[in-house]
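A.B. asks: Counting in our numbering, the sequence shown runs from 10 upward without gaps. All C-beta atoms in this analysis are idealised placements derived from N, C-alpha and C, irrespective of residue type, glycine included. Dropping the structure in here first, questions after.
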Amino acid sequence: MSRRLPSMNALRAFEAVGRHLSFTRAAQELNVTHGALSRQVRLLEEWLGQPLFERGARRIALTERGADYLLDVGAAFDRIAAATARQFERDERRLLQVNAMATFTLRWLIPRLSSFQLGHPSIEVRLTTSNTPLQDLREPYDVAIRGGPERIPAHVAQKFLSETRIPVCSPKLIEQRPMAHPRDLARHTILHSATLPDVWSQWLVAARVPNLKPAGSITLEHFYLTLQAALDGVGVAMGPTALVADDVRAGRLVMPFREPALPARSYFTYVPDGCADDPAVRSFCAWLRRIAEA
């Protein structure tokens, strides 16, 4: 069903003049000449078949019908303006600040982050890395990812990913020097991380070879460097299962032993109380849980 509508330019001219009760101020607002504005108002009056203004020598006033019409036209313009503003708001990208541990970010989060962006194009994730405890972290964040469980005041904590620790290495190391039993590690170089100095000794105790002496030992500053060295065939690393799962599936790393697997801390989201009901925060945390279960 077609609508019987006057010219939009004429309506805009009438609404501005009626609101200001001045052709001069209305012309300035709409950036048109006084004469052009006057013609648009005349066209609307002719289209309606009735005058909308009473014109005097120095002033104008709305007729009774003009005043009623202005109320309806002004309200319609207000609704159009509000609807347009909502469309712009939908297009604005919401900035979501996420702070996560460096190795987790490199090995797990970044390879999966594109799926969140595809599903939430209006949310821009600003990702920073830090291993600093949240109580000491000075940079702002909406979501932090750390090990847990931890009780952090004024934060909502939720687990989304579990893991254990087990040795991993490049397949070519297995080909060169097979490992059928944990004692075979004596023929290999063990890769240590300075941030987890005791994890290998704990595993060797659990594997019942506490006094094993490896062929060599290398300690690297960060855990992600240890995993990269394992990928490059330098030695055997103690791999967190969640962070090496993609490499194991792709055949870039292998697990020479299926047990023992050391228990490890789970990954948690920590959200400040003030952000807990933020739709972007809730979407991101729900996505983390969903992708971790996949």
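Express the C-alpha separation of glycine 157 and asparagine 303 in angstroms, rounding to a whole number.
C.D. replies: Rather than asparagine, the amino acid found at residue 303 in this sequence is alanine. Whole-angstrom Cα-Cα distance: 21 Å.
A.B. asks: Closer than 7 Å by C-beta to proline 249: which residues in its own chain qualify, once you throw out the five before and the five after it? Chain order, please.
C.D. replies: Glu172, Arg174, Ala273
A.B. asks: Taking the alpha helix (DSSP H) that proline 288 falls in, what are its first and last residues?
C.D. replies: 288–302
A.B. asks: To the nearest angstrom, how far is the alpha carbon of glutamate 230 from that of threonine 93?
C.D. replies: 53 Å
A.B. asks: Excluding the five sequence neighbours on either side, which residues of its own chain have a C-beta within less than 6 Å of the C-beta of methionine 110, listed in chain order?
C.D. replies: Excluding its 5 nearest sequence neighbours in each direction, methionine 110 has C-beta neighbours in its own chain below 6 Å: Asn140, listed in chain order.
A.B. asks: Which term fits glycine 58, buried or exposed, when burial requires 16 or more other beta carbons within 10 angstroms of its beta carbon?
C.D. replies: Glycine 58 should be labelled exposed.
A.B. asks: Are there 16 or more other CB atoms within 10 angstroms of the CB of arginine 1, so buried, or fewer, so exposed?
C.D. replies: The question about residue 1 has no answer, for the chain in this structure spans 10 to 303.
A.B. asks: Rounded to whole angstroms, what is the Cα-Cα separation between tryptophan 267 and proline 191?
C.D. replies: Residue 267 is actually arginine in this sequence, not tryptophan. Taking the straight line joining both Cα atoms gives about 11 Å.
A.B. asks: Taking the beta strand (DSSP E) that methionine 201 belongs to, which residues open and close that run?
C.D. replies: The identity of residue 201 in the sequence shown is histidine, whereas the question assumes methionine. Here the beta strand (DSSP E) through histidine 201 covers 198–202.
A.B. asks: One question on the structure: do valine 263 and isoleucine 183 come within less than 8 Å of each other, judged by their Cβ atoms?
C.D. replies: yes
A.B. asks: By alpha-carbon positions, which one of Tyr233, Arg258, Gly27 ends up nearest to glutamate 73?
C.D. replies: When only C-alpha atoms are compared, the closest one is Gly27.
A.B. asks: Against chain C, does phenylalanine 86 count as a neighbour if the rule is that its beta carbon must be under 8 Å from one of theirs?
C.D. replies: No chain C appears in this structure, which consists of one protein chain only.
A.B. asks: Using DSSP's beta-bridge definition, name the partner residues of valine 263.
C.D. replies: According to DSSP, valine 263 bridges with Cys178.
A.B. asks: I need the DSSP call for leucine 229, collapsed to helix, strand or coil.
C.D. replies: strand
A.B. asks: Which of helix, strand or coil does DSSP assign to glutamate 63?
C.D. replies: If DSSP states are grouped into helix, strand and coil, glutamate 63 belongs with the strands.
A.B. asks: Below 6 Å CB to CB, which residues in the same chain sit around proline 269 once its five sequence neighbours on both sides are set aside?
C.D. replies: Ala215, Ala216
A.B. asks: Is it the case that the Cβ atoms of methionine 247 and tryptophan 212 are separated by a distance below 8 Å?
C.D. replies: Yes, the Cβ-Cβ distance between methionine 247 and tryptophan 212 is below 8 Å.
A.B. asks: Keeping to the same chain, check which residues put their C-beta closer than 7 Å to that of tyrosine 279; ignore five residues upstream and five downstream.
C.D. replies: Leu143, Ala153, Arg155, Ile161, His164, Ala166
A.B. asks: Please give me, in chain order, every unbroken run of the alpha helix (DSSP H) with length at least 4 that falls completely inside the region 90–129.
C.D. replies: 119–128
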